[in-house]
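> Before I ask anything, let me first share the structure, which is written out below as structure tokens.
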Amino acid sequence: MTVLTRGPEELPAALVERGRRRPVARIQDGWRIDDEWWRDPINRRYYRVMLDDGSLRTLYHNLADDRWYEQSY
Amino acid sequence: MPIACVSIPHFALRVAVLDRPELDGAPLVLGPPAGGRPVVADATPEAIARGIRAGLGLREVTALCPEATILPPHPLREAAALDRIVAALEGLSPLIEPDPERPGNLYVDLLGLEKHLGPPRAAAARLLATVPPVLRPRVGVAPTPFAARVAASRAAPGGTLTVDGETAEFLASSPIASLPLPPDALRRFERLGLRTLGDLAALPAAAVQARFGPSGRRAWALASGHDDARIHPRPRPESVTETLAMPEPATSLETMLIALTRLALRAFERPALTERHVRQARLRAALEGGRSWEQLATLREPGGQWRVVQALTYRLQAATLPGPVEAVTLELSGLVDATGRQESLPGLRSRRPRQLAEAGRELRQRYGTSTLFRVVEVEPWSRIPERRRALMPYDPSTNRGR
Chain A
123 MTVLTRGPEE
133 LPAALVERGR
143 RRPVARIQDG
153 WRIDDEWWRD
163 PINRRYYRVM
173 LDDGSLRTLY
183 HNLADDRWYE
193 QSY
Chain B
6 MPIACVSIPH
16 FALRVAVLDR
26 PELDGAPLVL
36 GPPAGGRPVV
46 ADATPEAIAR
56 GIRAGLGLRE
66 VTALCPEATI
76 LPPHPLREAA
86 ALDRIVAALE
96 GLSPLIEPDP
106 ERPGNLYVDL
116 LGLEKHLGPP
126 RAAAARLLAT
136 VPPVLRPRVG
146 VAPTPFAARV
156 AASRAAPGGT
166 LTVDGETAEF
176 LASSPIASLP
186 LPPDALRRFE
196 RLGLRTLGDL
206 AALPAAAVQA
216 RFGPSGRRAW
226 ALASGHDDAR
236 IHPRPRPESV
246 TETLAMPEPA
256 TSLETMLIAL
266 TRLALRAFER
276 PALTERHVRQ
286 ARLRAALEGG
296 RSWEQLATLR
306 EPGGQWRVVQ
316 ALTYRLQAAT
326 LPGPVEAVTL
336 ELSGLVDATG
346 RQESLPGLRS
356 RRPRQLAEAG
366 RELRQRYGTS
376 TLFRVVEVEP
386 WSRIPERRRA
396 LMPYDPSTNR
406 GR
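See below:
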């Protein structure tokens with residue numbers, strides 16, 4: 123899965139899955155988690171997004187390795 | 006000349022003077038928050054002149070300066086005063102940013118406002134006029150936020166200072182402690198004989214970066230008059246606030262819990278919270294004698310009325326109210342759309358153990374190991390989703406009936 127972003131804040135604009143581009147229709151929520159600084163620091167920016175087909179997905183931008191992941195559970 | 010810094014040193018104490026003008030000029034000491042270590046959090050120049058400094062024990066304060074007035078922090082009053090100042094400054098510029106690290110410092114972007122506010126000196130005077138004089142405000146105007154803050158710190162109380170010449174030249178004589186660095190980093194600079202910003206700026210940038218890393222490089226840039234920081238106006242998060250005045254000052258936990266439940270009920274009846282959840286709840290109490298108290302609950306996941314009441318109830322049960330409560334305010338923020346949660350059906354059981362045991366045997370035969378796992382809760386309270394549960398190897402033959 124690849125996440126395409128927009129703007130200087132790098133908000134998720136679309137997902138590319140199996141070669142198919144799926145635009146983000148709406149960002150429902152966003153929050154940040156900074157934790158466990160005493161071992162391997164966790165710095166993530168989470169987004170709850172609604173895709174153009176109405177499905178809800180939770181994505182996060184892992185600021186440590188600058189990559190996007192899906193939180194599927 | 007685009008940036009101004011409005012500075013109110015010893016902000017919490019000056020705000021206390023705003024309410025009690027008779028304290029102006031007296032040695033004032035800011036005590037710790039409720040339950041904190043009994044040490045000085047801040048002191049006015051009048052108290053500092055008598056040997057009182059931050060970190061000193063409160064008992065020593067009484068010995069050093071018996072006439073000193075020790076004031077407890079009043080977050081409610083301070084937040085309200087800051088809001089009033091920001092609102093007044095927003096009448097002059099749309100870009101106002103309170104400094105979160107230094108309470109009482111506010112940056113104002115003056116770019117493009119020359120026609121409206123006049124030249125820098127006139128603009129500084131207009132900004133100064135928006136703050137009550139009893140707060141002893143001062144204003145610095147410079148091309149960068151850092152230089153503006155240094156200029157404000159050099160201005161006399163109730164005065165303004167405008168940087169007319171080169172920023173680096175102006176900053177050169179300022180003490181190294183002006184840099185926004187932690188105390189140990191500043192001590193390291195001082196141990197190397199760097200006393201002023203000019204001393205630091207005179208060093209090669211690469212050498213400073215090699216010795217002190219990225220924060221050292223940024224300090225060098227600031228000392229040299231380079232500051233690419235921009236003014237970000239305060240976010241205006243959507244929030245819902247409900248206040249309840251107590252018929253008589255409340256002291257019992259039960260009364261507070263009833264008030265909390267009523268406030269949450271009223272808040273979630275508001276149209277702004279229809280089919281919406283909240284991420285954060287702040288409970289503020291106005292106490293008898295003009296003091297205040299507050300608790301903040303950040304929910305692990307956005308929640309509705311019941312979750313808010315539950316989270317704040319835990320905090321109320323754990324806290325000790327420092328006095329009788331006259332009014333309670335509930336502020337709900339981080340509003341998000343309510344989303345359904347799929348709960349497990351009660352009584353829904355996994356496949357029968359015999360079938361599972363059989364499946365396990367087949368998997369073991371095929372892959373050499375059982376690939377059945379059980380989901381177990383590990384840290385259900387964790388904010389990191391994958392920390393909450395873990396997969397444990399599951400052997401149906403030894404976990405019969407579970």
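As given, the protein sequences belong to chains A and B, one line each in that order. If you count the first sequence from 1, position 68 lands on 190 in our numbering, and the numbers rise without skipping. If you count the second sequence from 1, position 289 lands on 294 in our numbering, and the numbers rise without skipping. Just so it is clear, CB atoms sit at the ideal spot from N, CA and C, and this is done for glycine as well.
(1) Trp159 (chain A) CB to nearest chain B CB: under 9 Å?
(2) Beta carbon of Ala362 (chain B), beta carbon of Val314 (chain B): below 9 Å?
(3) What residues from chain C crowd round Ile149 (chain A), counting only those whose CB sits closer than 7 Å?
(4) If we count Cβ pairs, one from each stretch, closer than 8 Å, do we get three or more for the region 364-375 of chain B versus the region 336-343 of chain B?
(5) To the nearest angstrom, how far is the alpha carbon of Ala152 (chain B) from that of Ala52 (chain B)?
(6) Pull the bridge partners of Thr318 (chain B) from the DSSP assignment, please.
(7) Just confirm the distance between the C-beta atoms of Pro148 (chain B) and Ile8 (chain B), as a whole number of angstroms; I'd bet it's less than 8 Å.
(8) Please classify Gly230 (chain B) as buried or exposed, where buried requires at least 16 other C-beta atoms within 10 Å of its C-beta.
(9) Which of the three DSSP states is assigned to His15 (chain B) in this structure?
(10) Could you check what DSSP says for Ala255 (chain B) in three-state terms: helix, strand or coil?
(11) Note down, in chain order, every chain A residue with its Cβ under 8 Å from the Cβ of Asp342 (chain B).
(12) Which same chain residues, not among the five before or five after Arg289 (chain B), have their C-beta less than 6 Å away from its C-beta?
(13) How is His121 (chain B) classed by DSSP in three states: helix, strand or coil?
(14) Check distances from the C-beta atoms of the region 370-389 of chain B to those of chain A and list, in chain order, the residues that come in under 7 Å.
(15) Could you name the residues of chain A that Arg241 (chain B) contacts, counting a contact when the two beta carbons are closer than 8 Å?
(16) Put Tyr168 (chain A) into one of helix, strand or coil per three-state DSSP.
(17) So Pro162 (chain B) and Arg143 (chain B) are supposed to be a Cβ contact under 8 Å. How far apart are they, rounded?
(18) Whole angstroms is fine: what's the gap from Leu18 (chain B)'s alpha carbon to Thr248 (chain B)'s?
(19) So if I threshold CB-CB distances at 8 Å, which residues from the region 90-115 of chain B count as touching chain A?
(20) Do the region 113-128 of chain B and the region 97-105 of chain B make contact, defined as three or more Cβ pairs closer than 8 Å?
(21) Using DSSP's beta-bridge definition, name the partner residues of Tyr195 (chain A).
(22) So, under 8 Å CB-CB, Gly145 (chain B) and Val155 (chain B) are touching, yes? Tell me the CB distance rounded to an integer number of Å.
(23) Using a beta-carbon distance cut-off of less than 9 Å, what residues from the region 305-335 of chain B approach chain A?
(24) Under the three-state reduction of DSSP, which class applies to Met261 (chain B): helix, strand or coil?
(25) In the structure shown, what three-state DSSP assignment does Ser338 (chain B) receive?
(26) Run through the DSSP bridge pairs and tell me what Pro134 (chain A) is partnered with.
(27) For the region 268-289 of chain B, which residues have a CB atom closer than 8 Å to at least one CB atom of chain A, in sequence order?
(28) What would DSSP say about Arg143 (chain A), mapped onto helix, strand or coil?
(29) List the endpoints of the continuous alpha helix (DSSP H) containing Pro80 (chain B).
(30) Please list, in chain order, the chain B residues whose beta carbon lies closer than 9 Å to that of Tyr191 (chain A).
(31) Measuring only the C-alpha atoms, how far is Glu280 (chain B) from Val91 (chain B)?
(32) Can you tell me which of B:Leu317, B:Ser12, B:Gln360 puts its alpha carbon nearest to the alpha carbon of Ala160 (chain B)?
(33) Between B:Ser183, B:Ala130, B:Ser178, which lies nearest to Pro408 (chain B) when the distance is taken from Cα to Cα?
(34) On the three-state DSSP scale, how would you describe Ser220 (chain B)?
(35) Let me see if you follow: with CB-CB separation under 9 Å, is Gly339 (chain B) close to chain A or not?
(36) Give the secondary structure of Asp189 (chain B) by DSSP, where H, G and I count as helix, E and B as strand, and everything else as coil.
Working from what's here:
(1) So, not an interface residue.
(2) If you check the CB distance, Ala362 (chain B) and Val314 (chain B) do not come in under 9 Å.
(3) No chain C is part of this structure, whose protein chains are labelled A and B.
(4) Contact fails between the region 364-375 of chain B and the region 336-343 of chain B, because fewer than three Cβ pairs, one in each stretch, are under 8 Å apart.
(5) Rounded to whole angstroms, Ala152 (chain B) to Ala52 (chain B) spans 28 Å at the Cα level.
(6) According to DSSP, Thr318 (chain B) shares a beta bridge with no other residue.
(7) Contact between Pro148 (chain B) and Ile8 (chain B) holds: CB atoms are separated by about 7 Å, below the 8 Å threshold.
(8) Buried, since its Cβ has 16 or more Cβ neighbours within 10 Å.
(9) Coil at His15 (chain B), not helix or strand.
(10) Strand.
(11) Simply Gln150, Asp151.
(12) Once the five neighbours on either side are set aside, the close Cβ partners of Arg289 (chain B) are Leu81, Glu299, Thr334.
(13) For His121 (chain B), the secondary structure class from DSSP, reduced to helix, strand or coil, is helix.
(14) Listed by position along the chain: Arg388, Ile389.
(15) Those within 8 Å of Arg241 (chain B) in chain A number zero; the least Cβ separation is about 16 Å.
(16) DSSP places Tyr168 (chain A) in the strand class (E or B) of the three-state scheme.
(17) Contact between Pro162 (chain B) and Arg143 (chain B) holds, since their C-beta atoms are separated by about 6 Å, short of 8 Å.
(18) Between the alpha carbons of Leu18 (chain B) and Thr248 (chain B) lies a distance of about 26 Å.
(19) Here the close residues number zero.
(20) Output reads yes: the region 97-105 of chain B touches the region 113-128 of chain B.
(21) In the DSSP output, where bridge partners are listed per residue, Tyr195 (chain A) has none listed.
(22) Confirmed, about 7 Å.
(23) Answer set for the region 305-335 of chain B: Pro307.
(24) Note: Met261 (chain B) maps to helix in three-state DSSP.
(25) Secondary structure at Ser338 (chain B): strand, using DSSP grouped into helix, strand and coil.
(26) Pro134 (chain A) is bridged to A:Thr127.
(27) Cβ proximity to chain A below 8 Å picks out Arg284 from the region 268-289 of chain B.
(28) Strand.
(29) Unbroken alpha helix (DSSP H) run through Pro80 (chain B): 80-95.
(30) Near Tyr191 (chain A) there are no residues of chain B at all, since even the closest Cβ is about 10 Å away, more than 9 Å.
(31) Answer to the nearest angstrom: the Cα atoms are 32 Å apart.
(32) The option with the nearest alpha carbon to Ala160 (chain B) is B:Ser12.
(33) Because residue 408 (chain B) is not part of the residues shown, which for chain B are 6 to 407, the question remains open.
(34) Looking at Ser220 (chain B) - three-state DSSP - the assignment turns out to be helix.
(35) Closer than 9 Å to some Cβ of chain A, the Cβ of Gly339 (chain B) qualifies, so yes.
(36) Assigned with DSSP and collapsed to three states, Asp189 (chain B) falls in helix.
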